[in-house]
Structure formats: C-alpha cells, structure tokens
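Those sequence lines, one after another, are chains A, B, C and D.
The first sequence begins at 1 in full-length UniProt numbering and counts up by one.
The second sequence begins at 1 in full-length UniProt numbering and counts up by one.
The third sequence begins at 1 in full-length UniProt numbering and counts up by one.
The fourth sequence begins at 1 in full-length UniProt numbering and counts up by one.
All residues carry an ideal CB built from backbone N, CA and C; glycine is no exception.
There are 4 protein chains.
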Amino acid sequence: MSLAPILVVTTGGTFDKQYFDALSEYKIGETVIDKLLAIARVAHPFRVVELMRKDSLDLTDTDRALIRATIDAAPETRVVITHGTDTMTHTAAALADVTGKTIVLTGALAPARFAESDAPFNLGMAFACCQSAPAGVWITMSGSVFDALKVRKDREAGKFVEI
Amino acid sequence: MSLAPILVVTTGGTFDKQYFDALSEYKIGETVIDKLLAIARVAHPFRVVELMRKDSLDLTDTDRALIRATIDAAPETRVVITHGTDTMTHTAAALADVTGKTIVLTGALAPARFAESDAPFNLGMAFACCQSAPAGVWITMSGSVFDALKVRKDREAGKFVEI
Amino acid sequence: MSLAPILVVTTGGTFDKQYFDALSEYKIGETVIDKLLAIARVAHPFRVVELMRKDSLDLTDTDRALIRATIDAAPETRVVITHGTDTMTHTAAALADVTGKTIVLTGALAPARFAESDAPFNLGMAFACCQSAPAGVWITMSGSVFDALKVRKDREAGKFVEI
Amino acid sequence: MSLAPILVVTTGGTFDKQYFDALSEYKIGETVIDKLLAIARVAHPFRVVELMRKDSLDLTDTDRALIRATIDAAPETRVVITHGTDTMTHTAAALADVTGKTIVLTGALAPARFAESDAPFNLGMAFACCQSAPAGVWITMSGSVFDALKVRKDREAGKFVEI
C-alpha cells in the first residue's frame with residue numbers, strides 16, 4: 001500500500017447540496033470535498049476535479065462519457081467519484097470495462113453541510129476502498145463495499161443492497 | 001464482498017473524549033460508535049464491544065492481551081478497533097500473528113464529539129478496509145491504508161507516516 | 001428578571017427544514033426546538049407548541065389568526081415564535097395590538113440541522129429578548145433586536161434591516 | 001433599538017477550549033467568536049477585543065482590573081464578555097459600579113468547537129440582552145437573563161441559579 005495519488009472526481013448529488021435562502025431553494029453548490037478532506041486530516045496525496053454539479057437524475061450519456069474520458073486520461077490508478085445516489089449504478093456500469101484502475105463511487109443521503117450526515121464516513125470508505133480493493137468498479141454506501149455491478153439502491157429503505 | 005458481520009472493538013482514545021464541566025476535565029466517555037454508525041446510515045451488520053476507556057498511553061500488556069483474546073474468540077473475520085493514536089502501532093504489533101482475520105485499527109486526532117473531527121472519515125476508512133483488504137493488520141489514519149507493522153505516528157506533524 | 005415561563009410557538013420555516021432523500025426533497029420536518037434547547041442546556045422553564053409546519057410564503061390569514069389566538073389564550077407573558085423569514089414582519093403586524101406580553105419572532109436563513117446555521121444563535125437572541133425587553137413585538141435576526149414594526153427583510157443581502 | 005455597536009471582550013474559558021493532540025491536552029485556543037458571529041449571519045456592528053485566554057479559575061485581580069479598564073475606556077455602551085463559568089460572578093461584581101453601559105457576561109459549559117455546545121445560543125442571548133436590557137451587569141446562562149449580582153453557578157447541577 002504505497003502513497004499512490006488518488007483522483008477525486010465530483011459530479012454533484014445530495015453530497016454537495018446547499019440551501020440558498022434568497023432563492024428559497026436547495027441547489028448543488030461548490031463541492032465541499034476539499035474541506036472534508038482537510039477536516040479528516042488527510043495527508044495522502046490527492047487531486048480533485050469538479051466535473052459537474054448535477055442531481056444524478058439529470059445526468060446524460062454525454063455526462064457519463066465525460067466522466068469516463070476523465071478517468072481514462074488520468075495518470076492515477078485510484079479513483080473516487082462522488083455522485084448522486086439515484087443513478088450511481090448506471091454510471092458504474094458505464095465504467096465497467098476500464099482496466100488497471102480501482103474506481104469507487106460514493107455519495108450521501110444527507111448533504112455534507114448537515115450536522116448529521118453520512119458524507120464524511122462514506123468518503124472515508126471510498127478513500128480506503130480505492131487503496132485496498134483490486135482493480136474494478138466498487139460502490140461504498142450504507143457501510144458496505146459493493147461490487148458496483150451487483151448492487152441497487154432501495155430508495156424507500158434508504159440504503160444500497162446487493163442484487 | 002458479502003455482508004459478513006464486522007466486529008467493532010472500542011478501547012478509548014481521543015476518539016471518545018468528552019468534556020465534563022463539573023470536573024473541568026476531559027475524559028474518555030461512553031463510546032460514540034453506535035451514534036456515528038447510525039448517522040452514517042450503516043446497514044452492514046456489526047457488533048460493538050466496548051472493552052475499555054483508556055488513553056492509549058495508559059494501555060498495559062494485560063490490556064493488549066485482552067484485546068487479542070477478544071479478537072481470537074470472536075466468530076467475525078473482519079475487525080475494526082478504535083484506539084488512541086499514540087500507541088496504536090504497539091497494539092497492532094501484538095496482533096501481528098492472528099490468522100484468518102482482517103484487522104483494522106483507527107482512531108482520531110480530534111474527538112468525535114467535535115464539530116470538525118477526523119473521526120467519522122477514519123471510521124469509514126476502517127469499515128471499508130476490513131471488507132476490501134486481505135487478512136492481516138492494517139491502520140487507517142491520515143487518509144491512507146497502512147500495513148500496521150510499517151507505520152509510525154509523527155506526533156509533531158499530526159499524521160501517520162510509512163516507515 | 002424572574003424565571004417566568006416562556007411559551008415557544010413553532011410555525012415552520014427554514015429553521016426546521018429537513019432533507020428527505022426518498023423524495024429528493026427538502027420539507028419542513030418535526031421541529032428541532034426541543035433538541036436545540038437541550039443542547040443549549042436551558043434550565044429556564046418553557047413550553048413548546050408546534051402549531052404548523054409551513055414555509056412562511058404559504059401562511060394564510062387563518063394561520064395568522066391561529067397564531068394570534070394561541071398567544072392570547074396562553075398564560076405566559078413571554079413568547080418566542082419561530083417562523084419563516086420571508087413573511088415574519090407580516091405576522092408581527094398581526095400581533096401588534098396584543099397587550100401585556102413581550103413577543104419575539106425569530107427564524108433562520110440556514111436550517112438548524114445544518115452544521116453551520118444561524119438557528120441556535122437566533123433562538124438564544126429571542127430567549128433573552130423576551131426576558132429583557134419591554135412588552136411589545138420584536139424581531140431578533142442578523143444579530144439585532146428590531147422593533148418588529150420597523151424592520152424588513154432584504155432578501156438579496158440575506159439580512160434584516162431597519163426601515 | 002438602534003444599531004449602536006457592540007464591544008465583545010473575550011477572556012477565554014471553556015467557550016474557546018481546543019484539543020491539541022501533539023500535547024495530549026485541551027487548552028484555550030484562539031477565540032472562535034468571529035467565526036460564530038459569521039455563522040450567525042450577524043450584520044449588527046461589533047468589535048472584538050481578545051484580552052486573554054484564561055480558565056476563569058486562573059483569573060487574578062490584575063486580570064479583572066484590565067477587563068474593567070478596557071470597558072471603561074471603550075466608546076461602546078453595549079458590552080458582551082465571554083468568560084469561564086466558574087468565576088463569572090466574581091468578575092461581574094468587579095464591574096458592578098460601571099455606569100451608563102449594559103454589560104452582559106456569558107460563557108459555555110461545552111466548547112464552541114463541539115458539535116453540540118451551548119456556546120452559540122449563549123452568545124445570541126448575550127447579543128440580545130445587551131441591546132434590550134437597561135444599563136447594569138447581567139449574566140445570560142442556562143437560558144435565563146440574570147441580574148449578575150444575584151446569581152451563582154451550581155457546578156454539580158451544571159447550571160446557573162438565582163440567589
């Protein structure tokens with residue numbers, strides 16, 4: 001386990017939602033990833049690429065192609081992607097044939113800006129998984145490391161479950 | 001990656017420190033692990049054993065033998081130990097010859113009860129590492145997964161570094 | 001300044017907003033007032049009446065009449081009302097001719113459930129104002145105690161200002 | 001209630017306690033007042049003077065004379081003092097004969113850096129009290145506005161009570 005740099009790609013989702021009072025609206029704001037990693041006292045080298053700020057229900061094939069191309073072009077073999085939870089598995093499928101990289105998708109059911117949020121724990125899970133797991137695509141949600149092609153989101157139950 | 005249960009052994013450390021105003025003192029309080037795992041929306045099965053509430057500078061060989069015996073006797077093959085950071089590597093060495101289990105030690109440099117703490121992220125790292133990494137003893141601190149026998153704490157720098 | 005009980009009337013607003021992932025929506029949830037007052041270690045006697053869970057843009061004259069009637073009927077002479085900020089001054093006007101009571105309206109620009117919110121500070125302001133100020137209607141927002149009939153919300157600037 | 005500026009004098013206490021892992025110790029750190037007031041979206045004019053960083057059990061008569069002199073020399077007629085809770089009433093007595101100013105002492109039983117702390121609520125109480133109350137010395141703790149000369153701290157019960 002050497003200190004090979006981690007690429008963090010942010011795409012939006014509940015993870016980065018913020019409340020804009022003047023609009024009486026919740027929107028995805030600037031990513032909080034750098035702040036979370038600073039609070040977590042992360043010394044491991046990493047690089048953040050803020051690709052988009054979208055609810056995952058609004059992601060298009062073009063968006064997924066951009067996520068894919070970004071990962072293909074990157075020198076890093078360890079990748080963490082923060083993503084809305086609703087279509088996380090759909091994006092994972094679009095990355096299934098990437099070779100030589102350990103890719104981990106995660107997100108949050110409560111915004112990171114909330115006092116009580118799963119965001120920091122999930123981000124920690126993803127950071128460890130991309131260092132410990134073999135090459136492939138993974139999802140870290142609900143306390144489990146899942147094979148990203150064998151999991152689905154159970155929306156009503158508020159958790160991810162193995163298929 | 002199946003949903004094999006995780007054993008969480010808590011021993012104290014900064015992770016669980018609390019402020020007692022009537023004593024004008026900070027002491028290790030009741031473990032906050034269950035609360036953190038609830039906030040993290042963990043659905044993965046786990047069992048918590050609160051073994052002791054000690055600053056790791058106060059841990060004795062008897063304490064370490066108890067930690068070892070608890071892990072040996074447990075049915076779980078995946079173990080997370082929350083521990084003070086000052087002698088975490090010492091306890092890891094005492095577990096080095098356990099076989100057939102993935103054991104991950106973690107802790108925190110700021111108490112979990114703080115608004116800005118590395119505790120939830122580190123706990124998430126440990127939860128993922130015990131599911132993804134091969135059998136052996138690991139430490140997840142400072143954003144990295146370390147071989148527990150090849151790491152030390154750099155106290156002044158406030159981080160763990162590879163030896 | 002004796003320990004005369006305080007009546008806390010909650011009507012909703014951003015103060016109590018919560019994120020419901022299964023609905024991909026933010027809605028006003030159960031009031032967090034009791035939890036905030038417990039964290040604030042409030043020993044002063046108080047009584048909470050959760051009247052409604054509305055965005056203040058949705059409050060009707062019937063709602064305002066209910067708020068008014070509740071305050072008129074209450075034995076308490078000290079009243080705190082948590083309320084959405086958009087029409088707080090409108091409700092204040094509906095209470096202008098209540099006699100013998102110190103009524104303080106407050107709210108929040110960020111939900112109390114957020115890690116960084118003005119909610120606890122504003123609630124503290126209101127608790128003190130209803131004990132220190134003379135009878136009448138007041139608004140505590142943006143760090144100031146305002147005569148509730150001489151203030152307006154400057155939405156773009158995100159603050160309340162004297163008229 | 002005009003926007004007359006508020007002088008905030010910080011003296012230390014639990015309010016500003018911070019954990020320094022490299023020292024395995026809790027010490028009073030740089031005051032968090034400016035950060036709390038920013039989170040509270042305070043637009044009211046104020047000025048912060050960080051006089052000392054002491055546990056109130058360590059305050060001397062010289063310290064109290066300095067606090068007194070600072071207030072006497074200030075142009076502001078509204079003063080908030082953050083202070084350790086153990087000898088808050090002692091310092092209040094040293095300010096009893098100041099004329100023409102509304103002085104409010106407050107503090108916290110849990111550090112402001114904690115996720116669950118009475119600090120922001122208490123600070124809000126003090127900000128409102130110095131605007132609403134008549135000239136004199138007040139203490140805002142435990143949800144009540146107290147005449148500072150008629151209150152004591154009940155350490156075991158963790159609250160302030162009227163004498």
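Taking DSSP's pairing of strands, which residues face residue i in a bridge?
i, result
"A:Arg152", "A:Val161"
"B:Ile139", "B:Leu105, B:Phe146"
"A:Lys35", "Looking at the DSSP assignment, A:Lys35 forms no beta bridge with any residue, so it has no partner."
"D:Gln18", "D:Lys27"
"D:Arg78", "D:Ile6, D:Thr102"
"C:Arg47", "C:Leu7"
"A:Gly12", "A:Lys54"
"C:Phe114", "A:Phe114"
For residue i and residue j, I'd like the C-alpha separation in whole angstroms.
i, j, result
"A:Thr82", "C:Pro5", "48 Å"
"B:Gly12", "B:Ile28", "6 Å"
"A:Asp154", "A:Thr60", "22 Å"
"D:Phe15", "C:Asp21", "35 Å"
"A:Met88", "A:Cys130", "17 Å"
"B:Ala157", "B:Leu57", "18 Å"
"C:Val42", "D:Ala73", "34 Å"
"A:Arg68", "B:Arg64", "47 Å"
"A:Glu30", "A:Tyr19", "12 Å"
"C:Ile163", "C:Asp55", "24 Å"
"D:Thr62", "D:Ser132", "31 Å"
"A:Ala128", "B:Ser144", "7 Å"
"C:Leu3", "A:Leu23", "40 Å"
"B:Asp97", "A:Asp97", "38 Å"
Can you find the residues in the same chain that come closer than 6 Å, C-beta to C-beta, to residue i, ignoring five residues on each side of it along the sequence?
i, result
"C:Met141", "Phe160"
"B:Lys17", "Tyr26, Ile28, Pro111"
"C:Ala126", "Val80, Val104, Thr106, Thr140"
Starting from the Cα of residue i, find the closest Cα among the options and give me that residue.
i, options, result
"D:Asn122", "D:Gly107, D:Phe114, D:Ala135", "D:Gly107"
"C:Leu66", "C:Glu76, C:Met52, C:Arg78", "C:Met52"
"B:Leu109", "B:Asp34, B:Ile163, B:Thr85", "B:Thr85"
"A:Ala40", "B:Asp97, B:Ala38, B:Ala22, B:Ala115", "B:Ala115"
"C:His44", "C:Leu7, C:Ala74, C:Asp21, C:Phe15", "C:Leu7"
"B:Pro120", "B:Ser132, B:Val48, B:Thr99, B:Ala38", "B:Ala38"
"D:Phe46", "D:Thr10, D:Ser24, D:Ser117", "D:Thr10"
"A:Val49", "A:Asp34, A:Thr62, A:Asp55", "A:Asp34"
"D:Val137", "D:Glu162, D:Thr99, D:Ala74", "D:Thr99"
"C:Ser117", "C:Ala128, C:Val32, C:Ser24, C:Asp97", "C:Val32"
Enumerate in chain order the residues of its own chain whose CB-to-CB distance from residue i is below 8 Å, with the five nearest sequence positions on each side excluded.
i, result
"A:Lys101", "Ile71, Glu76, Thr77, Arg78, Val79, Ala135"
"A:Leu36", "Ala112, Ala119, Pro120, Leu123"
"C:Met1", "Residue confidence is low: C:Met1 scores 47 on pLDDT, short of 50, so the model does not pin down where it sits. Its coordinate-derived value is still stated next. Answer for C:Met1: Gln131, Ser132, listed in chain order."
- request: Spell out a yes or no on whether the segment 90 to 99 of chain D and the segment 145 to 157 of chain D are touching, meaning 3 or more CB-CB pairs, one atom from each, closer than 8 Å.
  value: Yes, they touch.
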